[in-house]
Each structure stands twice: as C-alpha cells, then as structure tokens.
Ligand SMILES: [Zn+2]
C-alpha cells in the first residue's frame, strides 16, 4: 500500500523555526529542517508525507515557572509567583490569538487553542474571554492538558468550557495518561478514569482522548465501550524494544505485536493518527501503521479519514 491521505491530529506547531529549535532541539539539524512552524511548513509537510495537521496549542508554563522560582530565595517567591502566573496566562492567551489568526490564510492547519484552568492559573474570566474571542476568530477545537496544567478534568471551573464547546459542536483534544504532575497523594491528573464524570455530565461533547496506546490503555478500552462517541488519537506509539520508534511510556504502552487487535477492539473508525510532532517521528509512525495487519480501508480510516470527518474537513 502506498502512503494514503495522512492527517496528523497532534502537532505542536510553533511560531518560528527559531522557537522550534529552542523547544524541540535536534543535534546537528540545519534550520530548514525545523518545519512545524510557518516558515518550514511547505517543506515539512512534503517530507513527512502529511496532507494536513491539527495545531495543538500548548506551552508548559508551569515548568517554566518552577524553573524560575527554583533560582529565587524563599522571600522572593510569593510575589514572583503571582507575577509569573499573570505573565504565563498572557503568554498562552496570545499564542491562542496567534494560531487562529495564522489559520485564516493556511487551510492545511486546523487550530486547537489551549483553554484550561491550569494554563489560565485559576482566572476563569480570562479563560472564558479568550475562548470566546478565538471561537469568533475561527478556532476549531480546544486542547487541554490536565497533567502538565495540574488540574483534574472534572474540575468544576472547567464546566463552562465544556458547556460552551458542547453547544458550539467544537471538540476537545485532551492529553491523557502519565504525563506531568502528581498530587501529594500521588494521583495522576490525566488518568483516563478521571475523565468519566465529564463524559457523564456532557454527553454530547465531542472528545478526542490523546495517547490511546500509552500507559493506562486498559482504562481507555473500558471507556471506549461505555462511551461510544469518544474518539482517540494514537500519539505515543506502540512498544517495540528494537523498533524505529520510541514509545512515550516504553513498556507500559500496548506492544506492537498486539497493535492491530487493540485498534480493532477500540474500533478503527474511532482512532486518529497523531504523533506529538515535532517531538516524534512522523514518517516512522506512518510506516508502523501501514505495516499492521489491517485492511487498506482500516488504515485509511486511521491515517486520515476519521480526522477529516470528525472536524468537517473536505474529503481528500
Ligand atoms: Zn502533545
């Protein structure tokens, strides 16, 4: 099978090649190889064999703040913490404004803005204002990251976001699984079971749970059975100790030998190709999917068709 239409629903698209070099550095790479940004996009889509991407906005501002606070004295921290939270809220808001503006003239990129209570440091008003502004400006979905933004998916402060997206018919793409912080009791914020109250409370909310194949994949099977409308992206990869790809949670991921059976259990009409690029290898992962014991039709669903249908993109 030759490479069909491929849509990557999980790309961390950034403002420039310089920024990509800072956030996703790769030893020895010339500038022009950095392509998850406006300057490099043409070349990158061609070289990665992608027809379309979703830009999944997210800046890990909590880690930025932790790093800065670590260099301060205990006396300096309280005031600095407040000031930094305000700065980081503004940074996420302006990144959102940028991506929706950019996508007005770039039809190969579907903009998902980052709207979550952690990224807005508890400022619900600022969060909702930025959501409304960017829905009006063409946002096609919202990214949330309970792990790195340090909140539980069912946090009541998120309910107005889910309510608004449900009524607008706009999807959420959420990180799920092992990434990021733990509470003092060691609970993983993004553990898939933590999303269940949200699915119960907002049954018409369009939802893509990211990282299907990674740690806690067993919980995602249960969720798939119980909530037939939930979709998944397969970023994170399958575990294959000697393979070309590094899986996000190593041997906690679904093994490659069971990949086809696992995807069919979830439903190949519900799984979407995603990579977490530029921090992951797109071409290698396309080849992993092409090599699975699935029909051509099933591979086409996963690699592009499901994503196009889910957000209403034109057929390839
Ligand atoms: Zn990601």
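Residue numbers (my numbering): 79 to 394.
The beta-carbon is built from N, C-alpha and C at its ideal position, and this holds for glycine as well.
Contact set for residue i: own chain, Cβ-Cβ below 6 Å, skip 5 residues either direction
i           : result
residue 284 : 249
residue 373 : none
residue 332 : 291, 295, 316 and 340
residue 111 : none
residue 132 : 87, 188 and 190
residue 56  : Since the first residue of the chain shown is 79 and the last is 394, residue 56 is not available in this structure.
residue 376 : 346
residue 385 : 85, 87 and 350
residue 128 : 84 and 86
residue 109 : 95
residue 276 : 231 and 232
residue 334 : 316 and 318
Nonlocal neighbours in the same chain, by C-beta distance under 7 Å from residue i, ignoring five residues either side
i           : result
residue 114 : 89, 90, 91, 92, 98, 122, 355 and 356
residue 230 : 224, 267 and 272
residue 174 : 135, 191, 192, 208 and 212
residue 206 : 238
residue 343 : 299
residue 244 : 280, 282 and 283
CB-CB length for residue i against residue j, believed under 8 Å
i           : j           : result
residue 298 : residue 287 : 7 Å
residue 338 : residue 290 : That pair is no contact at about 14 Å.
residue 193 : residue 215 : Contact flag wrong, Cβ pair sits at about 13 Å.
residue 204 : residue 226 : At roughly 19 Å, the Cβ-Cβ gap does not stay under 8 Å, so residue 204 and residue 226 are not in contact.
residue 381 : residue 189 : Contact flag wrong, Cβ pair sits at about 21 Å.
residue 166 : residue 139 : 4 Å
residue 242 : residue 195 : In fact, because the Cβ distance is near 14 Å, the residues do not count as touching under 8 Å.
residue 346 : residue 318 : About 20 Å separates the two Cβ atoms, so there is no contact after all.
residue 126 : residue 366 : Residue 126 to residue 366, Cβ: 14 Å. No contact.
residue 327 : residue 302 : Not really, about 19 Å apart at Cβ, beyond 8 Å.
Own chain residues within Cβ distance below 8 Å of residue i, not counting five before or after
i           : result
residue 362 : 322 and 323
residue 388 : 249, 284, 286, 309 and 350
residue 201 : 167
residue 137 : 166, 169, 170, 173, 192 and 197
residue 240 : 250, 276, 279, 280 and 283
So which residues put a beta carbon under 7 Å from any heavy atom of ligand 1, going in chain order?
Contact residues of ligand 1 (beta-carbon closer than 7 Å to any heavy atom; chain order) are 88, 90, 134, 136, 253, 288, 313 and 354.
Could you tell me whether the region 352-362 touches the region 300-320, where touching means 3 or more Cβ pairs closer than 8 Å?
Because the criterion of three Cβ pairs below 8 Å is met, the region 352-362 and the region 300-320 touch.
Using 8 Å as the threshold, is the region 111-126 in touch with the region 139-149, meaning 3 or more CB pairs across them?
Contact between the region 111-126 and the region 139-149 is absent, because fewer than three Cβ pairs lie under 8 Å.
Are the region 157-166 and the region 98-110 touching by the rule of at least three beta carbon pairs closer than 8 Å?
Result no; under three Cβ-Cβ pairs closer than 8 Å.
In the region 89-137, which residue ranges form an unbroken alpha helix (DSSP H) of at least 4 residues, counting only runs that do not cross its ends?
95-101 and 119-126
Start-end ranges of the beta strand (DSSP E) lying completely within the region 291-346, minimum 3 residues
DSSP assignment within the region 291-346 yields the following whole beta strand (DSSP E) runs of 3 residues or more, N-terminal first: 309-311.
Pick out the complete alpha helix (DSSP H) segments inside the region 237-275, 4 residues or longer, and give them in chain order.
When DSSP assignments are scanned along the region 237-275, the uninterrupted stretches of alpha helix (DSSP H) that are 4 or more residues long and fall wholly within it turn out to be 237-246.
Jot down the residue ranges of each uninterrupted alpha helix (DSSP H) in the region 133-216, minimum 4 residues, whole runs only, in chain order.
139-148, 155-181 and 202-214
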